[in-house]
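Residue numbers (my numbering): 270 to 559. Just so you know, even glycine gets a beta-carbon here, dropped at the ideal spot from N, CA and C. Here the structure is a predicted model, which means the values were calculated and not measured. The block underneath contains the structure these notes are about, expressed in structure tokens.
See below:
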């Protein structure tokens, strides 16, 4: 049974600009919410100013229209502020989204009564070091991938957990994923599917050569360091964003973030397993189903 939250009075709507019908659907939602008594409804552009407006703390819920990629980006922005996200799927797969396209009117009466529950998903914190100097730090909802670049040769990934040597992977890449990310690249690489509420770090090698080929699940409190040993291009990629170049002996550290992504849910908590098989049996991004 859903917990009754205070009815949201301040709602932000964000549509990815490249999503078909995103702008028009955002306008329809804006009009609906205002007509049904929401005091403050703001449609925001998906740009660099969005983070500042969210950080101002003026919203109770953020509604995002798009696909899973949009949901990931909103997670990066909203999680540090504790702002819940409601995803409406206008994209292809929609594994993270709660509401299908053209069905939001069916659930919005519940949203406006505060009749929903919040699914809290663990995030990771990743940092890139070179010669002891930090070059970047990120919040991660799906996964951190450290791997080779364009050259089709494996790299050596010297991996430590809690300061103790684990192994040196000789592989195309090593994925450090959350339970959320277990249904993304980690699953494609042969890793296990984890329930979204689990707070673990999943290590999955990609195409390992004569090295550990099994996924390893670590506890929430683990600290992972991955040091690159290579004489050709290496990269680190955060949640599928633009890869960042790495040099020999660069290091990426990964541990549980202090922040948690919160997704608005109307389905019962068993939705994950109920939706798993349909998602596994078809991939809309290919244009075919079976």
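> Residues in its own chain within less than 6 Å of residue 389 by CB, not counting five upstream and five downstream?
Replying inline: Closer than 6 Å at Cβ, skipping near neighbours: 529 and 531.
>> One question on the structure: do residue 386 and residue 483 come within less than 7 Å of each other, judged by their Cβ atoms?
In response: no
>> Quick check: the Cα distance between residue 446 and residue 275, rounded to an integer number of angstroms?
In response: So the two alpha carbons sit approximately 33 Å from each other.
>> How far does the beta strand (DSSP E) with residue 337 in it extend, from its first residue to its last?
In response: Per DSSP, residue 337 belongs to no beta strand (DSSP E); it is in the alpha helix (DSSP H), 337-347.
> Are the CB atoms of residue 521 and residue 415 nearer to each other than 7 Å?
Replying inline: yes
>> Our contact map puts residue 282 next to residue 313 with C-beta atoms below 8 Å; I'd like the distance itself, whole angstroms only.
In response: 7 Å
> In chain order, what residues of the same chain have a beta carbon less than 7 Å from the beta carbon of residue 469, not counting five sequence neighbours either side?
Replying inline: 448, 463, 486, 487, 488 and 489
> Any heavy atom of the ligand MG closer than 6 Å to the CB of residue 309?
Replying inline: Absent from the structure shown: the ligand MG. Ligands present: none.
>> Less than 8 Å between C-beta atoms, sequence neighbours within five positions excluded: which residues of the same chain meet that for residue 323?
In response: 281, 331, 346, 347, 350 and 352, listed in sequence order.
>> Pull the bridge partners of residue 506 from the DSSP assignment, please.
In response: Beta bridge pairing from DSSP links residue 506 with 414.
> Run through DSSP, which three-state label would residue 358 get?
Replying inline: strand
> Where residue 441 and residue 394 are concerned, what is the direct C-alpha to C-alpha distance, given to the nearest angstrom?
Replying inline: 22 Å
> Any beta-carbon of chain B closer than 7 Å to the one on residue 358?
Replying inline: As a matter of chain content, chain B is missing from the structure shown, which is built from one protein chain.
> So the alpha helix (DSSP H) residue 324 belongs to, where does it begin and stop?
Replying inline: 319-324
> If you check the beta carbons only, do residue 545 and residue 495 fall under 7 Å apart?
Replying inline: no
>> Below 8 Å, how does it come out for the region 416-426 and the region 357-371: are there three or more Cβ pairs, yes or no?
In response: no
> Quick one: what's got a C-beta closer than 8 Å to residue 288's C-beta in the same chain, skipping five residues either side?
Replying inline: So the qualifying residues of the chain are 334, 335, 336, 339, 359 and 360.
> Along the chain, which unbroken stretches of the beta strand (DSSP E) at least 3 residues long are found entirely within the region 400-470?
Replying inline: For the region 400-470, the full-length beta strand (DSSP E) segments reaching 3 residues or more read 402-409, 412-417, 424-430, 433-440 and 442-446 along the chain.
>> Can you tell me whether residue 432 is buried or exposed? The criterion is at least 16 other CB atoms within 10 Å of its CB, across all chains shown.
In response: exposed
>> So, with DSSP's three-state summary, where would you put residue 298?
In response: helix
> What is the rounded straight-line gap between the Cα of residue 301 and the Cα of residue 381?
Replying inline: Approximately 11 Å, taken between the alpha carbons.
>> Can you give me the C-alpha to C-alpha distance between residue 498 and residue 286, rounded to a whole angstrom?
In response: 40 Å
> Between the beta-carbon of residue 491 and the beta-carbon of residue 471, is there less than 7 Å?
Replying inline: no
>> Here's the rule I'm using: 16 or more other beta-carbon atoms within 10 Å means buried, otherwise exposed. How should residue 317 be labelled?
In response: exposed
>> Suppose the cutoff is 6 Å on Cβ atoms and the five residues either side in sequence are ignored; what does the same chain contact list for residue 512 look like?
In response: 504 and 506
> What whole-angstrom Cβ distance do residue 430 and residue 473 have, given they're in contact under 8 Å?
Replying inline: That belief does not hold up - the Cβ atoms of residue 430 and residue 473 are roughly 14 Å apart, past 8 Å.
> For residue 459, which residues from the same chain have a beta carbon less than 6 Å from its beta carbon, with the 5 sequence-adjacent residues on both sides left out?
Replying inline: none
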